[in-house]
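K.L.:
What follows is a structure written as structure tokens; I'll ask about it next.
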Amino acid sequence: MSKKTILFSKMHGLGNDYVVIDESQSECIEEDKKGEVTAEICRRGFSVGADGVIFVSPPQGDGDIRFRIFNADGSEAEMCGNGIRCFSKFVYDNSIFRQNEIKVETMAGIKTVELEIDRGQAVAMKVNMGLATFKTDQIPMDVVEDEFIDLFLKVEDNPLQMTALNVGNPHAVIFVDDAGQVDLDKWGPAIENHPAFPQRTNVHFVEIVSPGEIIMVTWERGAGPTLACGTGATSCVIAGNKLEKLEEKVLVHLPGGELEIEVYQEKKDLGAFMEGDAKLVFDGIMVMDL
Numbered sequence: 047m048s049k050k051t052i053l054f055s056k057m058h059g060l061g062n063d064y065v066v067i068d069e070s071q072s073e074c075i076e077e078d079k080k081g082e083v084t085a086e087i088c089r090r091g092f093s094v095g096a097d098g099v100i101f102v103s104p105p106q107g108d109g110d111i112r113f114r115i116f117n118a119d120g121s122e123a124e125m126c127g128n129g130i131r132c133f134s135k136f137v138y139d140n141s142i143f144r145q146n147e148i149k150v151e152t153m154a155g156i157k158t159v160e161l162e163i164d165r166g167q168a169v170a171m172k173v174n175m176g177l178a179t180f181k182t183d184q185i186p187m188d189v190v191e192d193e194f195i196d197l198f199l200k201v202e203d204n205p206l207q208m209t210a211l212n213v214g215n216p217h218a219v220i221f222v223d224d225a226g227q228v229d230l231d232k233w234g235p236a237i238e239n240h241p242a243f244p245q246r247t248n249v250h251f252v253e254i255v256s257p258g259e260i261i262m263v264t265w266e267r268g269a270g271p272t273l274a275c276g277t278g279a280t281s282c283v284i285a286g287n288k289l290e291k292l293e294e295k296v297l298v299h300l301p302g303g304e305l306e307i308e309v310y311q312e313k314k315d316l317g318a319f320m321e322g323d324a325k326l327v328f329d330g331i332m333v334m335d336l
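Per this note's numbering: the sequence shown = residues 47 to 336.
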């Protein structure tokens with residue numbers, strides 16, 4: 047074990063906070079230690095504290111840059127909407143890739159991010175989140191149904207009506223009368239770890255204000271209650287549009303702020319653009335025993 051110096055930036059998208067590490071500028075964290083190191087970094091009160099750690103890496107395919115994200119529990123996630131906005135701002139502002147359109151490699155495929163630039167810095171990001179799938183074998187979901195749309199799942203002996211889909215990572219969307227009254231600490235982990243979701247799932251409770259406006263609260267897979275979830279906001283709007291509850295353009299209110307989601311259709315599939323900002327909180331240096 048030796049001491050390694052790690053340069054990082056603390057960033058957030060609507061309060062969903064991340065430690066961002068450029069692997070080309072810091073001493074390398076071995077692959078088999080990334081999860082363990084992430085869990086340690088994310089411990090609030092004991093380390094920097096965050097909802098996850100983002101690694102900026104060289105591309106391996108047709109993208110301009112590679113995005114990797116690990117949850118606070120050390121598990122690696124396929125994609126994160128708030129995280130990719132933080133990532134894109136970091137990449138542009140630090141001159142790693144200085145274009146106002148970035149093709150980002152993720153575990154969920156290449157995501158195109160358009161940046162709004164003001165005085166040499168990225169101030170807003172529009173992300174093509176790609177197409178959603180409702181196919182249960184692709185979510186994945188271990189049920190007999192081919193799709194789980196507006197159906198009941200028994201959770202702790204209670205039938206909960208939900209829609210499941212994947213927008214790069216798995217989501218369970220539940221429409222409620224009042225999102226503020228949901229016992230998130232009870233139902234969040236119960237649904238996240240339900241046997242029907244073999245890779246666990248993100249959980250969202252959605253209150254419809256109007257066909258163009260919603261309020262949502264989130265229990266994030268591997269992180270717990272979060273102030274915002276970009277892929278979650280996308281999944282909620284796509285699910286609502288699929289059920290004919292929501293229009294194509296929807297303003298999403300999250301505890302940490304607002305996102306704009308615009309649904310598009312490609313043949314029979316639905317996808318969405320997500321638009322919002324990201325903020326740099328501070329830059330720092332960690333010295334860790336690795």
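Don't be surprised by glycine CBs; every beta carbon is placed ideally from N, CA and C.
Bear in mind that the values here come from a model prediction, so they are computed numbers and not experimental data.
Can you tell me where the alpha helix (DSSP H) with T277 in it begins and where it stops?
P.N.:
T277 -> alpha helix (DSSP H) spans G276 to K288.
K.L.:
Taking DSSP as the reference, what is the three-state secondary structure of V213?
P.N.:
Coil, per DSSP.
K.L.:
Any idea what DSSP makes of A324, helix, strand or coil?
P.N.:
A324: coil per DSSP, three-state reduction.
K.L.:
For a minimum of 3 consecutive residues, which ranges assigned as the beta strand (DSSP E) are wholly contained in the segment 112-176?
P.N.:
List check, beta strand (DSSP E) in window: 147-152 and 155-164.
K.L.:
Using 10 angstroms around the beta-carbon of L199, count the other beta-carbons present and answer buried if the total reaches 16, otherwise exposed.
P.N.:
Burial call: buried.
K.L.:
For the candidate residues V65, E76, V169 and G303, whose alpha-carbon lies nearest to that of L336?
P.N.:
If we check each option's Cα against that of L336, E76 comes out closest.
K.L.:
Using DSSP with H/G/I as helix, E/B as strand and the rest coil, what is L292?
P.N.:
The answer is coil: DSSP assigns L292 none of H, G, I, E or B.
K.L.:
Quick one, are the C-beta atoms of N212 and T158 less than 8 Å apart?
P.N.:
No.
K.L.:
With DSSP run on the structure shown, which of helix, strand or coil describes P205?
P.N.:
Note: P205 maps to strand in three-state DSSP.
K.L.:
Given a threshold of 16 other Cβ atoms within 10 Å of its Cβ, counted over all protein chains shown, does Y138 qualify as buried or as exposed?
P.N.:
It counts as buried.
K.L.:
Per DSSP, H58 forms a beta bridge with which residues?
P.N.:
BP columns for H58 point to D63 and K325.
K.L.:
If you measure between the beta carbons of G226 and G317, is that distance less than 8 Å?
P.N.:
Cβ atoms of G226 and G317: not closer than 8 Å.
K.L.:
Is N215 closer than 8 Å to M125 when the C-beta atoms are compared?
P.N.:
Result yes, Cβ atoms of M125 and N215 sit closer than 8 Å.
K.L.:
In the DSSP output, what is E253 paired with across the bridge?
P.N.:
V222 and I261, per the DSSP bridge assignment.
K.L.:
Which same chain residues end up closer than 6 Å to F251 when comparing Cβ atoms and leaving out the 5 residues on each side of it in sequence?
P.N.:
Cβ neighbours of F251 beyond the five flanking positions: I220, V222, A225, V228 and V263.
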